[in-house]
Amino acid sequence: MIVVFLGPPGAGKGTQAKRLAKEKGFLHLSTGDLLREAVKKGTPLGKKAKEYMEKGELVPDELIVALIEEVLPEEGKVILDGFPRTVKQAEALEKMLERKGKKLDAVVLFEVPDEVVLERLSGRRVDPETGRVYHVKYDPPPPGVKVVQREDDRPEVIKRRLEVYRRQTAPLIEYYERKGLLKRVDASKPPEEVYRSLLEVLGDAA
Ligand code: AP5
1245 MIVVFLGPPG
1255 AGKGTQAKRL
1265 AKEKGFLHLS
1275 TGDLLREAVK
1285 KGTPLGKKAK
1295 EYMEKGELVP
1305 DELIVALIEE
1315 VLPEEGKVIL
1325 DGFPRTVKQA
1335 EALEKMLERK
1345 GKKLDAVVLF
1355 EVPDEVVLER
1365 LSGRRVDPET
1375 GRVYHVKYDP
1385 PPPGVKVVQR
1395 EDDRPEVIKR
1405 RLEVYRRQTA
1415 PLIEYYERKG
1425 LLKRVDASKP
1435 PEEVYRSLLE
1445 VLGDAA
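Using my numbering, the letters of the sequence shown map in sequence onto residues 1245 to 1450.
Right, here's the structure in full:
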C-alpha cells in the first residue's frame, strides 16, 4: 500500500502523515525531513541540497530519486510525503514500483488557499531536539520547550516555494487525476477534520 501526499507547502501534509503513520502503521517517508537530516549531518547529499532548500527551489530530480530508491522498503504501508514533486519524479517512481512489482494506491491532494499557507508557515515552529512541529497559534509549544523557525519559513522563501509549487508540482494534479488516483481533501479545516477526511478518502486502504 503506497500513498502519496501532494499539496502546497504548509498544507499540513507532515502533520497528517505523522498521525496516520502512528495510528495505522504506515512508514512515513518525508523527502523534506530526509533532506534536512542530510543537511544537518553534512552528508554529500546534504551539502548539495542545502543551497536549493535555502532558496525554496527544488533539489534536482536525480538526487531525490536516488534518495527514495535507497529508503523505499520492499513491503508494508508507506506514505510518500512531498515526493514526487515533478512529473519526472512521478515517472521515476512508477518505474521504481514496477521493478518491485508494486503500484501506487492513492494520491491525496491537500487543498488549501494561499492565505492559509502563509499563516501556517509563518507561525510554524520546530523543536530542533525532537523534530516535533508546532504552530504558535494552532498548536503552541508547551512552556520550557525551545523551538526554532525553519530557514525556509521566512516570507521571501515562502513566496518562492509557492511559485515553485505552482510551476513544477501542480501539474501532478492533472497527471494523477488522469490515472484515476487523485483523492482531494479540504486541508483548510482543523487537524481533526482533515484526518477524518483523509481516512474517508483512503477507505479500506488505510
Ligand atoms: P518539505 O519539508 O517537504 O516542505 P513542503 O512541502 O513545503 O511542506 P512543509 O513541510 O512546509 O509543510 P507540510 O505540508 O508538511 O505542513 P505541516 O504539517 O508542517 O520540503 C522542503 C524543501 O526540501 C523543498 O522546498 C525542497 O527544496 C526540498 N524537497 C523536498 N522534497 C523534494 C522533492 N521531492 N523534490 C525536490 N526537492 C524536494 O504544517 C504546517 C504548519 O501548520 C505547522 O505549524 C502545523 O502545526 C500547522 N498545521 C498543520 N495542519 C493544520 C491545520 N489543519 N490547522 C491549523 N494548523 C495546522
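The beta-carbon is built from N, C-alpha and C at its ideal position, and this holds for glycine as well. What you are looking at is a predicted structure, and each value in this text was computed from that prediction instead of being measured.
Leaving out five residues before and five after residue i in sequence, what residues of the same chain have Cβ atoms less than 8 Å from its Cβ?
i, result
"Val1331", "Pro1415, Leu1416 and Tyr1419"
"Arg1404", "Lys1299, Gly1300 and Glu1301"
"Val1218", "Any property of residue 1218 remains undetermined from this structure, which presents the chain solely from 1245 to 1450."
"Leu1341", "Ile1246, Lys1347 and Leu1348"
"Leu1271", "Ala1265, Pro1317, Gly1320, Lys1321, Val1322 and Ile1323"
"Val1445", "Ala1350, Val1352, Lys1427, Arg1428 and Val1429"
Is it buried or exposed for residue i, if we count other Cβ within 10 angstroms and need 16 for buried?
i, result
"Pro1253", "buried"
"Pro1399", "exposed"
"Lys1257", "buried"
"Thr1244", "Given a span of 1245 to 1450 for the chain in the structure shown, any question on residue 1244 remains unanswerable."
"Thr1374", "exposed"
"Arg1364", "buried"
"Lys1262", "buried"
"Asp1397", "buried"
"Leu1443", "exposed"
Sort out for me which residues DSSP pairs residue i with in a bridge.
i, result
"Ser1274", "Asp1325"
"Val1377", "Val1370"
"Asp1430", "Glu1355"
"Asp1383", "His1379"
"Leu1250", "Leu1353"
"Val1392", "Val1370"
Rounded to whole angstroms, how far is the Cβ of residue i from the Cβ of residue j, which I believe are closer than 8 Å?
i, j, result
"Gly1367", "His1379", "5 Å"
"Leu1324", "Arg1428", "The Cβ separation is near 17 Å, so there is no contact."
"Val1401", "Val1370", "About 15 Å; that fails the 8 Å criterion."
"Lys1321", "Gly1251", "At roughly 20 Å, the Cβ-Cβ gap does not stay under 8 Å, so Lys1321 and Gly1251 are not in contact."
Only counting the same chain, and skipping five residues up and downstream in sequence, which positions put a Cβ closer than 7 Å to that of residue i?
i, result
"Asp1349", "Met1245, Ile1246, Val1247 and Ala1449"
"Lys1294", "Val1283"
"Asp1358", "Leu1406"
"Glu1395", "Glu1298"
"Glu1318", "Lys1344"
"Leu1426", "Val1351, Leu1353, Ile1417 and Tyr1420"
"Ile1308", "Thr1275, Phe1327 and Gln1333"
"Thr1259", "Val1377 and Pro1435"
"Pro1372", "Val1392"
"Leu1362", "Ile1402"
"Val1360", "Ser1432"
"Pro1384", "Tyr1378"
"Tyr1296", "Leu1302 and Val1303"
Tell me which residues share the same chain as residue i and place their Cβ nearer than 6 Å to its Cβ, disregarding the 5 neighbours each side in the sequence.
i, result
"Pro1328", "Ala1334 and Leu1337"
"Pro1304", "none"
"Ala1255", "Phe1354, Val1356 and Ala1431"
"Gly1290", "Ala1282 and Val1283"
#### Entry: Three-pair Cβ contact test at 8 Å for the region 1307-1323 versus the region 1332-1345
At 8 Å Cβ cutoff, the stretches touch.
### Task
Give a yes or no on contact between the region 1272-1280 and the region 1435-1447, applying the rule of three or more CB pairs nearer than 8 Å.
Verdict: no, contact absent.
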